[in-house]
Amino acid sequence: MMQRALFSRGALLAQQATTLEGSLASKSAPLLQRLDRSMSSLPVPPPACMLRPLEAPYRYLFGPGPSNVPPRIQAAGGRPIIGHLHPEMYEIMNDIKKGIQYAFQTENNMTISMSGSGHAAMECAVFNTVEPGESVLVAVNGIWGERVAEIAERMGANVTRMVKSPGGCFTLQEIEQAMAKHKPVLFFLTHGESSAGLCHPVDGIGDICLKHNCLFLVDTVASLGAAPIFMDRQKIDILYTGSQKALNAPPGTAPISFNERACQKMFNRKVKPVSYLFDMTHLSNYWGNDGQPARLYHHTGPVSGFFALRESLAILAEKGLEESWRQHKEVAAHLYKGLEDLGLKLFIQDRDLRLPSVTTISIPEGYNWREILAYVMKHHNMEFTGGLGPSMGMVIRIGLMGYNCKTTNADMALAAMADALKNCTKSKA
Ligand code: PMP
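The sequence shown runs -18 to 410 under the working numbering.
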């Protein structure tokens, strides 16, 4: 709310400035300059939209991400830029590495943040650990497995998909059978399937991968900080996440970690990875992980994004993972109860398999889901979303992550949903 107030004040000031500018039109240098530029003789004149101030409304981001950024993280991201190769920046990156190790529960040295969104981490994981022609096994039970399968196919891997309908779970036996048959070098699983609202069990899969000499890659973009994951204990070889969900940092950075087994594979390749930007040989040096005395220029990291990511990891460390997991579970339980009281059905029936950060609701019979989303946005300034990929048209998703994960926010979401159900058209059929 405070953030909203700050924002409205900012908007008000901008509005006042515009009005003042209007009244002083004849004397206002900036306006004259603007008019001047709009009458430019260049073949492509400055676009009219660029001569207007930026507008970015405050919204309740209660979808599957991005989530609202708390003022403390926003302030960190707004600090003055320093050079990406300054010693202070290296210190900040070292801190980020430690923060990720805590969040992932790993002691892996090869822990960094990608300069890019969750997809950057997905591509980094696949590009570095797989070579063209190698076999990759992917569990597809929503959109994210399909994405990784496509990424692996694009770089020339031999991909086998194990497919279930959205929200389906894979047994250890199914995974082991497929592994024995296809002999993959990499097996991919999504921990928090945000398109289906599923939190897939991970225990035991690492052992199977180890037995079959296959690397275990896990996506925790939507689940990190919301549901327990133990990278080392669960024998996960490569783990990644995104900044914009339960970590509440702005989108654009993506923590990733590789264990020793993954390093052995990715640093003993026959051919270089297809991407220069995502090549872990360079990135490990940039992050000071390769034991070399000098950290060299590879690319210009997102300095402000790293400031914000550091702050978000600091907040998680202060709060503690156990408390964060507990809070997500508690608020999710409150939301489930409220939704059921409204007569709604939760898409994932087994309560223990529900993703605490993103709740999926089966589309209530007779309603048009798009109308519900539009109503909630228009009348409550709140984002819920529909399904994604194979869950499109099956679910409505409500995400309460990190800073947003509060009982009061769950109540606001429930009130918005109740209002939508009352006022949106329900077909008689
Ligand atoms: N994996 C999962 C589980 C996700 O929820 C998302 C984002 N919705 C991604 C990967 C991709 O992340 P990004 O949009 O940051 O590239």
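For glycine and all other residues, C-beta sits at the position ideal for the given N, C-alpha and C.
- Relative to the Cα of E157, the nearest Cα in the group N139, V199, L118, M382 belongs to L118.
- Per DSSP, the unbroken beta strand (DSSP E) holding L196 starts and ends at 196 to 200.
- Take the alpha-carbon of I210 and the one of S22: they are about 59 Å apart.
- A straight-line Cα-Cα distance of about 14 Å links L325 and N349.
- DSSP places V117 within a strand segment (E or B) once states are collapsed to three.
- In the DSSP annotation of this structure, the continuous segment of the alpha helix (DSSP H) that includes T262 starts and ends at 261 to 267.
- The beta-bridge partner set that DSSP reports for G367 consists of I377.
- With 16 or more other CB atoms across the displayed protein chains lying within 10 angstroms of its CB, D218 is buried.
- If you check the C-beta of T171 against the ligand PMP, you find a heavy atom less than 8 Å away.
- Taking C-alpha positions only, Y83 is separated from I329 by approximately 29 Å.
- Here the C-alpha atom of A275 lies approximately 12 Å from the C-alpha atom of H263.
- Counting only the Cα atoms, V25 lies some 50 Å from N90.
- Look at Q154: its beta carbon is at least 8 Å from all of the heavy atoms in the ligand PMP.
- Its chain contains F108, M136 as the residues whose beta carbon lies nearer than 7 Å to that of V255, once the 5 sequence neighbours on both sides are disregarded; these appear in chain order.
- For the ligand PMP, the residues with a Cβ under 5 Å from any of its heavy atoms are, in chain order, S98, G99, H100, W125, S175, D200, V202, A203, G223.
- In this structure, M247 and F259 do not form a Cβ contact; the two beta carbons are roughly 11 Å apart against a cut-off of 8 Å.
- Under DSSP, L42 shares a beta bridge with E364.
- Annotation: the continuous alpha helix (DSSP H) that includes F108 extends over 99 to 110.
- Here Y384 is buried. Its C-beta has 16 or more other C-beta atoms within 10 Å.
- F287 is the residue among H309, V357, F287, E364 whose C-alpha sits nearest the C-alpha of L66.
- Remark: C-beta atoms of E88 and D184 do not approach each other more closely than 9 Å.
- For T388, the uninterrupted alpha helix (DSSP H) run begins and ends at 388 to 404, by DSSP.
- Judged by pairs of C-beta atoms under 8 Å, the region 300 to 318 touches the region 191 to 208, as three or more such pairs exist.
- Contact check for M375 against I344 passes: the beta carbons are separated by less than 9 Å.
- Rounded to whole angstroms, the Cβ separation of Y221 and I237 is 4 Å, and the two are in contact under 8 Å.
- By the Cβ rule, the region 161 to 170 counts as touching the region 185 to 198, because three or more pairs are nearer than 8 Å.
- Three or more Cβ pairs drawn from the region 223 to 238 and the region 89 to 104 lie within less than 8 Å of each other, which places the two stretches in contact.
- In the assembly as shown, I54 is a buried residue. Its beta-carbon has 16 or more other beta-carbons within 10 Å.
- Sixteen is the threshold: since fewer than 16 other Cβ atoms of the shown chains lie within 10 Å of the Cβ of D331, the residue is exposed.
- The Cβ atoms of S48 and K226 sit closer than 9 Å to each other.
- Contact between L42 and E364 holds: CB atoms are separated by about 5 Å, below the 8 Å threshold.
- Short of 7 Å from the beta carbon of A130, and not among the five residues preceding or following it, lie these beta carbons of its own chain, in chain order: V119, V121, V140, R142.
- The beta-carbon distance between G187 and C180, rounded to whole angstroms, is 17 Å. This is too long to meet the 8 Å contact definition.
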